Amino acid sequence: NGSVNDAKNLRVKLVLLGDSGVGKSCIVLRFVRGQFDPTSKVTVGASFLSQTVALQDSTTVKFEIWDTAGQERYAALAPLYYRGAAVAVVVYDITSPESFTKAQYWVKELQKHGSPDIVMALVGNKADLHEKREVPVQDGIDYAEKNGMFFIETSAKTADNINQLFEEIAKRLP
Ligand code: GTP
Ligand code: MG
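Here the numbering used here runs 376 ahead of the position in the sequence shown, where the first position is 1.
Dropping the structure here:
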């Protein structure tokens with residue numbers, strides 16, 4: 377009805393998890409700055425960025441994004457970042473079956489130790505490398521559906537589905 381009372385401003389803690397090299401930092405850089413860095417450096421510990429999304433119904437969602445380090449030596453730090461997170465984005469690389477296995481590990485960890493009402497997304501990144509694909513899209517769809525997750529394939533390189541990822545998450549917030 378156009379009333380200003382319809383406006384809602386949400387602040388949401390979001391954590392990205394997944395194997396080293398799957399493109400977590402590139403996804404965040406694309407979403408927040410509209411850029412792609414082919415020489416992206418491995419993340420040390422974690423990095424923090426925020427970005428606001430406006431939805432059709434005049435809701436705004438400010439994502440407070442914790443981009444974690446995927447290297448094994450940082451695995452023990454992950455609970456510091458996913459604890460209290462409203463949203464977890466678990467990323468794999470469609471050219472790497474190992475990274476898909478690692479994504480499933482993170483989903484199980486979140487199911488055991490994350491917030492009970494956490495919104496989870498499964499993201500198959502590097503969709504531009506379709507000639508090197510080793511994880512069929514249906515495997516991602518099936519795993520996500522079994523675990524009550526939202527699923528999407530993205531490319532941080534071409535920007536394909538990056539904004540859609542965050543908009544779909546925003547729509548699914550309780
Ligand atoms: P950690 O910080 O170690 O956990 O890795 P990460 O998941 O943050 O990976 P990062 O974003 O640094 O990307 C790793 C490499 O993949 C870089 O060389 C990127 O340029 C490349 N990359 C990231 N996203 C894409 C993509 O969508 N397509 C292609 N072709 N390359 C990508
Ligand atoms: Mg990184």
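A virtual CB, placed ideally from N, CA and C, is assigned to each residue, including glycine.
In this text the structure is predicted, and so the values were computed from the model without any measurement.
Return the CA-CA distance between residue i and residue j, expressed in angstroms with no decimal places.
{"i": "L453", "j": "V483", "result": "16 Å"}
{"i": "V420", "j": "D443", "result": "10 Å"}
{"i": "V495", "j": "A430", "result": "19 Å"}
{"i": "Q411", "j": "S401", "result": "11 Å"}
{"i": "V388", "j": "S396", "result": "24 Å"}
{"i": "L549", "j": "A461", "result": "12 Å"}
{"i": "K417", "j": "G446", "result": "12 Å"}
{"i": "L505", "j": "V513", "result": "13 Å"}
{"i": "Y519", "j": "T471", "result": "17 Å"}
{"i": "P492", "j": "I441", "result": "19 Å"}
{"i": "R406", "j": "P414", "result": "12 Å"}
{"i": "K508", "j": "E474", "result": "14 Å"}
{"i": "G378", "j": "V408", "result": "Since pLDDT at G378 reaches only 45, below the 50 mark, its modelled position is unreliable, and the value read off the structure follows with that caveat. About 29 Å."}
{"i": "R449", "j": "S426", "result": "25 Å"}
{"i": "D433", "j": "K547", "result": "10 Å"}
{"i": "A503", "j": "N539", "result": "15 Å"}
{"i": "N523", "j": "E544", "result": "17 Å"}
{"i": "A451", "j": "A422", "result": "11 Å"}
{"i": "K488", "j": "N537", "result": "29 Å"}
I'd like to know whether the C-beta atoms of residue i and residue j end up nearer to each other than 7 Å.
{"i": "T530", "j": "L541", "result": "yes"}
{"i": "G516", "j": "F526", "result": "no"}
{"i": "L390", "j": "F439", "result": "yes"}
{"i": "V404", "j": "D469", "result": "no"}
{"i": "V466", "j": "N501", "result": "no"}
{"i": "G394", "j": "A479", "result": "yes"}
Between which two residues does the beta strand (DSSP E) carrying residue i extend?
{"i": "N539", "result": "Careful: N539 lies outside any beta strand (DSSP E), inside the alpha helix (DSSP H) at I538 to K547."}
{"i": "A462", "result": "That residue, A462, is in no beta strand (DSSP E); it is neither H nor E in DSSP."}
Tell me the DSSP bridge mates of residue i?
{"i": "G500", "result": "Y468 and E529"}
{"i": "S475", "result": "In the DSSP output, where bridge partners are listed per residue, S475 has none listed."}
{"i": "G394", "result": "V467"}
For residue i, I'd like the list of residues in its chain whose CB is within less than 6 Å of its CB, leaving aside the five on either flank, ordered along the chain.
{"i": "L456", "result": "none"}
{"i": "F476", "result": "Y468 and V511"}
Going by beta carbon distance, what residues of the same chain come within less than 8 Å of residue i, once the five residues before and after it are set aside?
{"i": "T436", "result": "A383, K384, N385, L386, T428, V429 and A430"}
Taking the alpha helix (DSSP H) that residue i belongs to, which residues open and close that run?
{"i": "D518", "result": "V513 to K522"}
Can you give me the Cβ contacts of residue i inside the same chain, cut-off strictly under 7 Å, excluding the 5 residues immediately before and after it?
{"i": "L486", "result": "Y458, A464, I494 and M496"}
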